[in-house]
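Everything on this sheet refers to the single structure shown next.
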Amino acid sequence: MEGALNKEYTIRDVANLAGVSTATAGRVLGGYGSASQKTIKAVLEAAEKLNYIPNAIAQSMKKKNTYTVGLLIANIANPFYSTIARALEEHLMKQGYNMIICNTDEDLDREITYLKTLYEKRIDGLIIASVLKGTEMSKEEIHRVYNGSIPTIILDREVPGLELPTVTSDNFGGAYEATSHLIRLGHTRIGIIGTTISTLSKRVEGYKKALDHHNLPFTESFILDQDLTDIQVGEVKEGYNKTITMLTKNRKKPTAILALNNLLTFGALLAIKDLGLEIPKDVAIIGWDDFDLAPLLEPPLTVVRQNPFNIASITANWLLDLINGVGMQDGSDPKIVLSTQLVVRGSCGQPIERRWS
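If you want it as structure tokens, here you go:
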């Protein structure tokens, strides 16, 4: 199919001919993002075959930098995300960029609305900590909404079906290490409190793998990772309710709990206190994400620590490289996975079997 002079082909036509997504074709032709040599060759050959010429006006407008970056954050009330937002803002401002922060409040419709607004503002780059789980949209819809038309990095939460640069932590490994630590202390009944977002599902997988590795049975009632029906209840209250359920509805109750983010951890701590239980005498607990007051609690809280400042620095530098045309078109992995650290304090202990017998 040779490009006809009387037809103006679009980036979508190039993508279809090359057998790739529109976002991938755009990144290859725009000189940013990641693609294999095979993909690059296919896109360039398709563009040449169709005599594809990008719209000159659109290209010229695109090159007029606004020195503005958009940040879509899932929950600004979460200390992990608020710390990352501040660190990103500081890093980008030093490079002459302003940052627009949009709090989606774990609402997909709000996220999509913000995306449209940011695209209209012609921002130079975009960072997304998405609420999208991958099941709410078809693959075609995902690529239409999250179109990659500007340099974009996915932060923290991987989005199934999106071929975009991603910076995340080793959620599987962190949960595996935390669960294994509790098992080494003698705990065999370990509960886990989470939600259905992608990062937390990876943590659940790590928890299950640790149980399996130590030949411990998986108890369905010890894992509460489904979102509550009322999304306005908030994650602290959600953590509270799930902990109450876990510690009152099971005949043989967990002797340890792994809470999969710090808001859920706060709720779990309140629930344990309201039940009149002592940490770690009656129930041990490990939280996720460190915070300033964690070592000052009584007892000090053991946590799986991510490094939000490192995450922010890597994300900002990578995005600025993409904005400046420093691509990753060498076939390298478009995902950076950062290690976590188990910070052992006083909130873990041996199970008290007589308490729950």
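Residues 0 to 356 in numbering that gives the first Met the number 0 are what the sequence shown spells out, letter by letter. Idealized CB from N, CA, C, for every residue including glycine.
Residues near residue i by beta carbon distance below 8 Å, same chain, minus five either side
i           : result
residue 337 : 166, 167, 168, 169, 305, 306, 309, 310, 313
residue 10  : 21, 24, 25, 28, 51, 53
residue 8   : 2, 49, 50, 51
residue 235 : 262, 263, 265, 266, 269
residue 245 : 190, 192, 220, 221, 223, 252, 253, 256
residue 65  : 120, 121, 122, 123
residue 231 : In this prediction, residue 231 scores a pLDDT of 45, lower than 50, which makes its location untrustworthy; the coordinate-derived value is nonetheless stated afterwards. Cβ neighbours of residue 231 beyond the five flanking positions: none.
Rounded C-alpha distance that separates residue i from residue j
i           : j           : result
residue 209 : residue 276 : 26 Å
residue 73  : residue 95  : 25 Å
residue 214 : residue 291 : 36 Å
residue 193 : residue 211 : 19 Å
residue 16  : residue 126 : 29 Å
residue 14  : residue 116 : 25 Å
residue 229 : residue 237 : Low confidence applies to residue 229: its pLDDT is 45, below 50, so where it sits in the model is not reliable, and the reading given next is rough at best. Cα to Cα, the separation comes out at about 10 Å.
residue 321 : residue 299 : 42 Å
residue 153 : residue 288 : 19 Å
residue 79  : residue 151 : 21 Å
residue 227 : residue 241 : Confidence in residue 227 is poor, its pLDDT being 45 and thus under 50, which makes the residue's placement too unreliable to answer from.
residue 324 : residue 18  : 24 Å
residue 199 : residue 155 : 10 Å
residue 131 : residue 273 : 34 Å
residue 259 : residue 339 : 13 Å
residue 335 : residue 295 : 32 Å
residue 87  : residue 70  : 9 Å
residue 108 : residue 46  : 34 Å
residue 89  : residue 63  : 23 Å
residue 128 : residue 113 : 13 Å
residue 38  : residue 188 : 48 Å
residue 233 : residue 243 : 16 Å
residue 106 : residue 118 : 19 Å
residue 59  : residue 297 : Its pLDDT being 45, under 50, residue 59 is placed unreliably by the model, and the measurement read from it follows with that caveat. Each residue's Cα considered, the two are about 59 Å apart.
Nearest to residue i (by Cα), restricted to the options the options
i           : options            : result
residue 248 : 272, 264, 219, 171 : 219
residue 281 : 289, 251, 199, 293 : 251
residue 293 : 155, 37, 149, 343  : 343
residue 44  : 12, 70, 63, 71     : 12
residue 184 : 297, 284, 71, 233  : 284
residue 318 : 149, 39, 113       : 149
Sequence-distant residues of the same chain with beta carbon closer than 7 Å to residue i, five excluded per side
i           : result
residue 341 : 176, 177, 180, 303
residue 186 : 254, 255, 283, 350
residue 207 : 217
residue 84  : 70, 72, 75, 100
Proximal residues to residue i (C-beta, below 6 Å), its chain only, five neighbours per side dropped
i           : result
residue 171 : 201, 204, 205
residue 239 : 266, 269, 270
residue 91  : 68, 98, 315
residue 75  : 81, 102
residue 182 : 213
residue 279 : 346, 347, 348
residue 173 : 303, 339
residue 41  : 17
residue 56  : Here the model assigns residue 56 a pLDDT of 42, short of 50, so the residue's position is not dependable, and the following value carries that caveat. Once the five neighbours on either side are set aside, residue 56 has no close Cβ partner at all.
residue 301 : 285, 343, 344, 346, 347
residue 77  : 262
residue 93  : none
Chain B contact for residue i (CB, 8 Å cutoff)
i           : result
residue 245 : Here chain B cannot be found, since the structure has a single protein chain.
Pair every Cβ in the region 153–165 with every Cβ in the region 92–112, then say whether three or more of these pairs are closer than 8 Å. By the criterion of at least three beta-carbon pairs nearer than 8 Å, the region 153–165 is not in contact with the region 92–112.
At which residue ranges does the region 88–120 contain complete beta strand (DSSP E) runs of 3 or more residues, listed in the order of the chain? 97–102
Threshold first: 4 residues or longer. Then list the alpha helix (DSSP H) segments lying entirely within the region 298–347, N to C. 307–322
Completely contained beta strand (DSSP E) runs for the region 205–280, where each covers 3 or more residues: 255–258
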